[in-house]
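> All residue numbers for the sequence shown refer to my numbering, where the first residue is 109 and numbers rise by one. Note that beta-carbon positions come from the ideal geometry of N, C-alpha and C, so glycine has one too. Can you keep this structure in mind? I'll have questions shortly.
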Amino acid sequence: MSKLREANRPIEDAVVGSYHKIEKKVVDSYRKIEDRFIDAFLAQDDESTEQARARVVQQREERQCQQDRRAGRRER
């Protein structure tokens, strides 16, 4: 069994390596699309992509907190 494992190790490394390359490419491509969307539709005047992303995340968290507070009042 040990020889079989040793023989399969290079195949395993190649498959896992290929998967990681594909995963990185997909994530990077998604990030580019997301950045362009933010620039086009969400960024305000003179606001960078990262600043707009941070603002949107903060607004989402604030809305979620408000919804949680409202839901908490209804449960009582």
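I need the DSSP call for residue 151, collapsed to helix, strand or coil.
coil
> Specify whether the region 113 to 133 and the region 142 to 149 touch according to this definition: at least 3 beta carbon pairs, one from each stretch, less than 8 Å apart.
no
> Do you know how far the Cα of residue 160 is from the Cα of residue 151?
Roughly 5 Å separates the two Cα atoms.
> Using a Cβ-Cβ cut-off of 9 Å, state whether residue 165 counts as contacting chain D.
Note that chain D does not occur in the displayed structure, where there is just one protein chain.
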